[in-house]
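Peer 1: I have a structure I would like to understand better, so I am pasting it below and will then ask my questions one at a time.
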Amino acid sequence: MSGRSSGPGPGPSAASSVERPALGSRHVLERTEFPSLLRSLRTAGYRTVGPTIRDGAIVYGEIRQESDLPIGWTDRQEAGRYRLEQRADAALFGYNVGPHSWKKYLFPSRERLFTAVRDGRSFVVQPEPVDPTPLAFLGVRACELAALGVSDRVFGKAGDPSYAERRTRTLRIAVQCGQAGATCFCVSMKTGPAVTGGHDLSLTEVLHEGRHYFLVEVGSESGARILDGVPLRPATEDEFRSAVASVGRAAASMGRTMDTNGLRDLLVLNPENPRWEIVARRCLSCTNCTMACPTCFCQTTEEVPDLSAEKSERWRRWDSCFNSGFTAVHGTSVRSTTQSRYRQWLTHKLGTWYDQFGESGCVGCGRCITWCPVGIDLTEEVAAVRTAPGDAPGGRVAP
Amino acid sequence: MATDGTPGPLAGDLSDQSPWYPVPYRVDRRTAETADTVTLTLSPAKGTPLHPFRPGQFNMLYVFGVGEAAISVSGDPALPEALVHTVRTAGKISGALTGAAPGSTVGVRGPYGSGWPLEEAVGRDVVLVAGGLGLPPLRPVLYELLRHRERYGRIEVIYGARTPKDLVYYRQIQEWRGRSDLRFQTTVDAAGRDWYGDVGLVTARVPDIRVEPARTVAFLCGPEVMMKFTAQALEARGVTDSAIYVSLERNMKCAVGLCGHCQLGPEFVCRDGPVFRYHDVRRFLSVREL
Numbered sequence: 461m462s463g464r465s466s467g468p469g470p471g472p473s474a475a476s477s478v479e480r481p482a483l484g485s486r487h488v489l490e491r492t493e494f495p496s497l498l499r500s501l502r503t504a505g506y507r508t509v510g511p512t513i514r515d516g517a518i519v520y521g522e523i524r525q526e527s528d529l530p531i532g533w534t535d536r537q538e539a540g541r542y543r544l545e546q547r548a549d550a551a552l553f554g555y556n557v558g559p560h561s562w563k564k565y566l567f568p569s570r571e572r573l574f575t576a577v578r579d580g581r582s583f584v585v586q587p588e589p590v591d592p593t594p595l596a597f598l599g600v601r602a603c604e605l606a607a608l609g610v611s612d613r614v615f616g617k618a619g620d621p622s623y624a625e626r627r628t629r630t631l632r633i634a635v636q637c638g639q640a641g642a643t644c645f646c647v648s649m650k651t652g653p654a655v656t657g658g659h660d661l662s663l664t665e666v667l668h669e670g671r672h673y674f675l676v677e678v679g680s681e682s683g684a685r686i687l688d689g690v691p692l693r694p695a696t697e698d699e700f701r702s703a704v705a706s707v708g709r710a711a712a713s714m715g716r717t718m719d720t721n722g723l724r725d726l727l728v729l730n731p732e733n734p735r736w737e738i739v740a741r742r743c744l745s746c747t748n749c750t751m752a753c754p755t756c757f758c759q760t761t762e763e764v765p766d767l768s769a770e771k772s773e774r775w776r777r778w779d780s781c782f783n784s785g786f787t788a789v790h791g792t793s794v795r796s797t798t799q800s801r802y803r804q805w806l807t808h809k810l811g812t813w814y815d816q817f818g819e820s821g822c823v824g825c826g827r828c829i830t831w832c833p834v835g836i837d838l839t840e841e842v843a844a845v846r847t848a849p850g851d852a853p854g855g856r857v858a859p
Numbered sequence: 278m279a280t281d282g283t284p285g286p287l288a289g290d291l292s293d294q295s296p297w298y299p300v301p302y303r304v305d306r307r308t309a310e311t312a313d314t315v316t317l318t319l320s321p322a323k324g325t326p327l328h329p330f331r332p333g334q335f336n337m338l339y340v341f342g343v344g345e346a347a348i349s350v351s352g353d354p355a356l357p358e359a360l361v362h363t364v365r366t367a368g369k370i371s372g373a374l375t376g377a378a379p380g381s382t383v384g385v386r387g388p389y390g391s392g393w394p395l396e397e398a399v400g401r402d403v404v405l406v407a408g409g410l411g412l413p414p415l416r417p418v419l420y421e422l423l424r425h426r427e428r429y430g431r432i433e434v435i436y437g438a439r440t441p442k443d444l445v446y447y448r449q450i451q452e453w454r455g456r457s458d459l460r461f462q463t464t465v466d467a468a469g470r471d472w473y474g475d476v477g478l479v480t481a482r483v484p485d486i487r488v489e490p491a492r493t494v495a496f497l498c499g500p501e502v503m504m505k506f507t508a509q510a511l512e513a514r515g516v517t518d519s520a521i522y523v524s525l526e527r528n529m530k531c532a533v534g535l536c537g538h539c540q541l542g543p544e545f546v547c548r549d550g551p552v553f554r555y556h557d558v559r560r561f562l563s564v565r566e567l
C-alpha cells in the first residue's frame, strides 16, 4: 500500500501485481462491479455525494448504494425548462447538470462562522469546527471541475478557512459527458466536455454493442488509492476508443455557443448598451441564475443572538447581486434598477472576473439559462450586445 | 489575508485562524461629536497589541448580538495604543456603536484596504477636502502631515458640513485654524446668524486655495457627488486627476474581497480601495448605478 512515490511522471510498470494503478493509466470497470467502487470509497472513510433524484430533478445528495443514482434517467433542458425523462438504456450518468452544483458542499448556502459568548462585559469567540468527514464527489462534469478551480481561486485569494479545509478533504471523481444538454456551451468556454485535469479519478460510461462498462482514468494518488480492491483490468484499445468517441459525441451536440473573442472588453465597454434595458423587461431579479451558478460566490452575514443574550452566532449565507439591498449604503441601493443588476452580473461573470482572478467566471454549464424562470439566455444577451455595441468603441468607459 | 503588504491581525489571538473572528476591544472613551456622531477610543480587552494602520484604512467593528460595520480609523497613526473611530448613527449597527458605553466591549477585525498615499505628498502641496463624515478618514493624514510638517509644501484643508452643529472635532478644528502652517477652512450648507464662518459648498472654496497646481496632491473624502465636483474644481485649477485621490464607500460584509457587495467595475472597494486614484475610477463613477 505504500512505498510508491507520489506525483506525476512515469510510475512503476502497471504489470506488477500489488501495485496501485499508475497516474494517467486506463482501466475498465465493468458495470456489474460498480458497487465495489462505492464500497471502496466507504472503506476509505469518504462520505460519497453525487447525483440523485429529488423533486423531479437530478440534484446532489448522499449516495449510499448504486440505486441512489439516477439509473436510466436523463434530463431534457431548454431555456427556462427542465424535465426528467426515462432513457432507453440503464445508464448511471446519462444526464447533464441539474440545479445543484458542488459549491454547496464547499461553500454551504448557510454556514455558521463562529459563536460569540458573553464573558462579563466582553465576549469570547468560539471557533466553528468544520465537519472533518472527507467527501467524495461522484459524477463531476468537466465544466464542474473547471468551476471548482474557479472557486478555489476566489476563496483562496480571500483566505477563507472553512472552504480551504473542506476542499483539502475532497475527492473528485469525474464522469465524462456522453451527451450535451441543449443549454450547454462548455466547448465555447474551453472547459469541456473532456475531463483534462483537476480530477482524482475520471470515469467514462460506455454503453456500446450490448456492453456496459466504465473506462477509469487515474488522476491522482488519492484516486489510485481508492482503486485498491476494485476489480479492474487494463483497457483495450477498442474500449478506450469507444470511450473517446462518446466524449466526442458530447462535443458535437453542444446546445449553445458563445463567442468569447474580446468578450471582457466588449462588456466593460458597453455599460450603456440598450440591451441592458431590453433584458431587464424580462428579468425578474429573482436570483435563480446566481443560486444555480457553480461559481457565484456572493454572500452576506447575519448576526443571530439567542434570547438569553448570552451568545450570538455569526452566519453567512448565499447572497445575490440581484437582491435589492445588496448594494445598500445608508439605506439607498447603488443598483436600484434591474438593468443595472443584470449588467453587473453579466459584466462581472464574463468580464471583470478576468481583472480580479485572471479568468472568466463562466464555465458554460448552462444552469443560468435552464433555471431562469423566464428563460433569459446569456449567450443570446452576449450576442445581442455584440451586434449592437452601443457606446463602444470610444465609449465613456475606457478599458 | 491582508493586501498591499499590510500586516494582518497579529498571531496569538484567534484572528490568525480565521479572518472572520473579531478581537475584543474595550471602549475607553466615548466623546459626543454631534447629535448623532460619537468618537470611540478603544484598547485591546486582553492586552493584545494593536497592529498598525495606515491613514485611510478601516476596521470591521462588531457589537455583540447586533452585527458588524466597516468604519474608518480616525485616530493618530503614531499612537497605536489608542484605536480611534468616529461613528455616525445611520442604522442598527452604527447606532449600537454610537451607544457603546465606556467599559463595554466591541469587536475589531482589520485593518483593511488601501490607504492615502502619503509618500506621494512628500515635497508637494497638499489639499484635503472633506464633506460631512469624510473628515474622520482624513484626520490620520492631517496628524501625519503636521508631525512631519517640514516634508510638505502648503497644506490646505477644506471641510464642509450641513450645519455648524454637524461639524466633528470642533475643538481640534479651532486649534488647526489657529495654526500658521496650514489653512483650515470650514464651510456649511446652512447656518444661523451665530455662525461667522463660510456658507456654501466645499467646491466653492477650491478656486482660492494657495497651492502650486502642478505640484499638488489632493485627498478627497465625502459623498461621491461632492468628490466628483471637487475633483472637477481641482482640475480646473490645473491639478491632474492622477494627483487626486478619493475614498469610496460601498456596502461591505467581509472586507477581504469575498462577499461581492462592494464591487465597482473590476474593483473590490474593500480590498483594492477604499482609497483610489481618481484617474483610475472616474470612468466607473461616471456610469449610473455601476
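If you read the sequences in order, they're chains A and B. To get our numbering, take the position in the first sequence, counting from 1, and add 460. To get our numbering, take the position in the second sequence, counting from 1, and add 277. A virtual CB, placed ideally from N, CA and C, is assigned to each residue, including glycine.
On the three-pair Cβ rule with 8 angstroms, is the stretch 708–725 of chain A touching the stretch 643–654 of chain A?
Peer 2: yes
Peer 1: Consider the Cβ of residue 530 of chain B: report whether some Cβ of chain A lies at a distance smaller than 7 angstroms.
Peer 2: Translated into positions along the second sequence, residue 530 of chain B becomes position 253. With 7 angstroms as the cut-off, residue 530 of chain B counts as an interface residue toward chain A.
Peer 1: Whose C-alpha, out of A:640, A:524, A:597 and A:699, is nearest the C-alpha of residue 536 of chain A?
Peer 2: The residue you call residue 536 of chain A lines up with position 76 of the first sequence. Nearest option by C-alpha distance: A:640.
Peer 1: Whose Cβ in chain B lies nearer than 8 angstroms to the Cβ of residue 578 of chain A?
Peer 2: By one-based count along the first sequence, residue 578 of chain A stands at place 118. Chain B residues near residue 578 of chain A: 341.
Peer 1: Grab me the residues of residue 844 of chain A's own chain with a C-beta within less than 6 angstroms of its C-beta, minus the 5 sequence neighbours each way, in chain order.
Peer 2: Reading the first sequence from its first residue, position 384 is the one you call residue 844 of chain A. Correct list, in chain order: 735.
Peer 1: DSSP puts residue 510 of chain A in a beta bridge; with which residues?
Peer 2: Counted from its first residue, the first sequence places residue 510 of chain A at position 50. Residue 510 of chain A is bridged to A:521.
Peer 1: How about residue 754 of chain A: is its C-beta nearer than 7 angstroms to some C-beta of chain B?
Peer 2: The count along the first sequence starts at 1 and reaches residue 754 of chain A at position 294. It does not: the Cβ of residue 754 of chain A has no partner Cβ on chain B nearer than 7 angstroms.
Peer 1: Is the stretch 534–541 of chain B close to the stretch 775–786 of chain A, with three or more CB pairs under 8 angstroms?
Peer 2: yes
Peer 1: Kindly give me the distance between the Cβ atoms of residue 513 of chain A and residue 544 of chain A, rounded to whole angstroms, as I take these residues to be in contact under 8 angstroms.
Peer 2: Numbered from 1 along the first sequence, position 53 holds the residue referred to as residue 513 of chain A. Numbered from 1 along the first sequence, position 84 holds the residue referred to as residue 544 of chain A. Confirmed, about 7 angstroms.
Peer 1: Which parts of the stretch 669–707 of chain A are runs of the beta strand (DSSP E), unbroken and 3 residues or longer, counting only runs that do not cross its ends?
Peer 2: Segments of the beta strand (DSSP E) lying fully in the stretch 669–707 of chain A: 671–678.
Peer 1: May I have the straight-line CA-CA distance separating residue 433 of chain B from residue 848 of chain A, to the nearest angstrom?
Peer 2: Taking the second sequence and counting its residues from 1, the one referred to as residue 433 of chain B is at position 156. Taking the first sequence and counting its residues from 1, the one referred to as residue 848 of chain A is at position 388. In a straight line, the C-alpha of residue 433 of chain B is about 48 angstroms away from that of residue 848 of chain A.
Peer 1: Quick check: the Cα distance between residue 439 of chain B and residue 631 of chain A, rounded to an integer number of angstroms?
Peer 2: Residue mapping note: residue 439 of chain B aligns to position 162 of the second sequence, counting from 1. Residue mapping note: residue 631 of chain A aligns to position 171 of the first sequence, counting from 1. Taking the straight line from one Cα to the other gives about 59 angstroms.
Peer 1: If contact is defined by three or more beta carbon pairs under 8 angstroms, each pair taking one atom from either stretch, is the stretch 576–588 of chain A in contact with the stretch 757–773 of chain A?
Peer 2: yes
Peer 1: What does the alpha-carbon distance come out to for the pair residue 302 of chain B and residue 465 of chain B?
Peer 2: Within the second sequence, the letter at position 25 stands for residue 302 of chain B. Within the second sequence, the letter at position 188 stands for residue 465 of chain B. Their Cα atoms are separated by approximately 35 angstroms.
Peer 1: Compare the beta carbon distance of residue 400 of chain B and residue 763 of chain A with 7 angstroms and say whether it is the shorter of the two.
Peer 2: Here residue 400 of chain B is taken as the residue at index 123 of the second sequence, counted from 1. Here residue 763 of chain A is taken as the residue at index 303 of the first sequence, counted from 1. No, Cβ-Cβ distance for residue 400 of chain B and residue 763 of chain A is not below 7 angstroms.
Peer 1: Can you find a CB in chain A that lies within less than 7 angstroms of the CB of residue 542 of chain B?
Peer 2: Working through the second sequence from its first residue, we reach residue 542 of chain B at position 265. For residue 542 of chain B, the answer is yes, since a Cβ of chain A falls inside 7 angstroms of its Cβ.
Peer 1: Measuring straight from C-alpha to C-alpha, what distance separates residue 548 of chain B and residue 676 of chain A?
Peer 2: One-based indexing of the second sequence puts residue 548 of chain B at position 271. One-based indexing of the first sequence puts residue 676 of chain A at position 216. Per the coordinates, the alpha-carbon of residue 548 of chain B lies some 43 angstroms from the alpha-carbon of residue 676 of chain A.
Peer 1: Whose Cβ in chain E lies nearer than 7 angstroms to the Cβ of residue 769 of chain A?
Peer 2: No chain E is present in this structure, whose protein chains are A and B.
Peer 1: List the whole-angstrom C-beta distance separating residue 505 of chain B from residue 415 of chain B, where the pair is believed to meet the contact cut-off of C-beta under 8 angstroms.
Peer 2: Translated into positions along the second sequence, residue 505 of chain B becomes position 228. Translated into positions along the second sequence, residue 415 of chain B becomes position 138. About 17 angstroms separates the two Cβ atoms, so there is no contact after all.
Peer 1: As a quick exercise: from A:718, A:674 and A:731, pick the residue whose alpha carbon is nearest that of residue 701 of chain A.
Peer 2: Taking the first sequence and counting its residues from 1, one reaches residue 701 of chain A at position 241. When each option's Cα is compared against that of residue 701 of chain A, the closest is A:674.
Peer 1: In chain A, which residues lie with their C-beta within 9 angstroms of the C-beta of residue 382 of chain B?
Peer 2: Residue 382 of chain B sits at position 105 when you count from the first residue of the second sequence. Per Cβ cutoff of 9 angstroms: 579, 580, 581, 582 and 583.
Peer 1: State the DSSP-derived secondary structure class of residue 540 of chain B, mapped to helix, strand or coil.
Peer 2: Taking the first residue of the second sequence as position 1, residue 540 of chain B is located at position 263. Strand.
Peer 1: What number of angstroms, rounded off, separates the C-alpha of residue 354 of chain B from the C-alpha of residue 330 of chain B?
Peer 2: Working through the second sequence from its first residue, we reach residue 354 of chain B at position 77. Working through the second sequence from its first residue, we reach residue 330 of chain B at position 53. Approximately 7 angstroms, taken between the alpha carbons.
Peer 1: According to DSSP, simplified to helix, strand and coil, what is residue 627 of chain A?
Peer 2: On the first sequence, position 167 is the one that residue 627 of chain A refers to. Helix, per DSSP.
Peer 1: Taking the beta carbon of residue 804 of chain A as the centre, do at least 16 other beta carbons fall within 10 Å, making it buried, or is it exposed?
Peer 2: Locating residue 804 of chain A in the first sequence gives position 344, counting from the first residue. So residue 804 of chain A counts as buried.
Peer 1: Is the CB of residue 287 of chain B under 7 angstroms away from at least one CB in chain A?
Peer 2: Residue 287 of chain B sits at position 10 when you count from the first residue of the second sequence. A caution first: residue 287 of chain B carries a pLDDT of 40, below 50, which makes its placement in the model unreliable, though a value can still be read off. It does not; no Cβ of chain A falls within 7 angstroms.
Peer 1: Is there a Cβ of chain A sitting closer than 7 angstroms to that of residue 553 of chain B, yes or no?
Peer 2: Residue 553 of chain B sits at position 276 when you count from the first residue of the second sequence. It does not; no Cβ of chain A falls within 7 angstroms.
Peer 1: Taking the Cβ atom as the reference point for each residue, do residue 446 of chain A and residue 603 of chain A lie within a distance shorter than 7 angstroms?
Peer 2: Since the first residue shown for chain A is 461 and the last is 859, residue 446 of chain A is missing from the structure and cannot be characterised.
Peer 1: Which of the three DSSP states, helix, strand or coil, is assigned to residue 529 of chain B?
Peer 2: One-based indexing of the second sequence puts residue 529 of chain B at position 252. The answer is coil: DSSP assigns residue 529 of chain B none of H, G, I, E or B.
Peer 1: List the residues of chain B that residue 786 of chain A touches, going by C-beta distances under 9 angstroms, in chain order.
Peer 2: Here residue 786 of chain A refers to the residue found at position 326 of the first sequence. Ordered by position in chain B, the residues that pass the 9 angstroms Cβ test against residue 786 of chain A are 528, 537 and 538.
Peer 1: State the DSSP-derived secondary structure class of residue 717 of chain A, mapped to helix, strand or coil.
Peer 2: The residue given as residue 717 of chain A occupies position 257 in the first sequence. Reduced to three states, the DSSP call for residue 717 of chain A is coil.
Peer 1: Using alpha carbons as the reference points, say which of A:699, A:610, A:683 and A:635 lies closest to residue 669 of chain A.
Peer 2: The residue you call residue 669 of chain A lines up with position 209 of the first sequence. Answer by Cα proximity: A:699.
Peer 1: Going by C-alpha to C-alpha distance, which of B:375, B:370 and B:476 sits closest to residue 318 of chain B?
Peer 2: To locate residue 318 of chain B, count along the second sequence from 1; it is residue 41. Answer by Cα proximity: B:375.
Peer 1: Identify the contact partners of residue 218 of chain B in chain A, using a Cβ-Cβ distance below 7 angstroms as the criterion.
Peer 2: In the structure as shown, chain B begins at 278 and stops at 567. Residue 218 of chain B is therefore absent and cannot be evaluated.
Peer 1: For the stretch 591–611 of chain A and the stretch 781–796 of chain A, state whether three or more C-beta atom pairs, one from each stretch, are separated by less than 8 angstroms.
Peer 2: no
Peer 1: Taking only the alpha-carbon atoms, compute the straight-line gap between residue 444 of chain A and residue 826 of chain A and give it to the nearest angstrom.
Peer 2: The structure shown does not extend to residue 444 of chain A, since chain A is modelled only from 461 to 859, so the question has no answer here.
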